[in-house]
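Data first, discussion second: the structure below is written as structure tokens.
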Amino acid sequence: MVKLRLRDNESVQDAVRRFRKLVEHAGIKKELRKREFFEKPSEARRRDRRRAKRRASTMNELAKG
0 MVKLRLRDNE SVQDAVRRFR KLVEHAGIKK ELRKREFFEK PSEARRRDRR
50 RAKRRASTMN ELAKG
């Protein structure tokens, strides 16, 4: 959970900016997007396999130079 206290002489805009950074760093936004809709386990495995395949092909391209 992200907690934020307003600092002395800190504007609301600065506090909101700091809050956004904390939320992004904690991964809350990413987690909410991930859990927005149910994903079947088979779909998750398929997504992971595609991601690994893409990463491997990228690494092969970089290795070829």
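So in numbering that gives the first Met the number 0 the end of the sequence shown lands on 64, straight run, no missing numbers.
Even for Gly, the Cβ is constructed at its ideal location relative to N, Cα and C.
All figures in this text were calculated on a predicted structure; none of them were measured in a lab.
In the DSSP assignment, N59 falls within the alpha helix (DSSP H) that extends over 40–63. Distance between M58 and G64, taken at the CA atoms: about 10 Å. In this structure, V22 lies near K28, with their beta-carbon atoms less than 7 Å apart. The C-alpha of L31 is placed about 25 Å away from the C-alpha of L5. CA-CA distance, L3 to E35, rounds to 25 Å.
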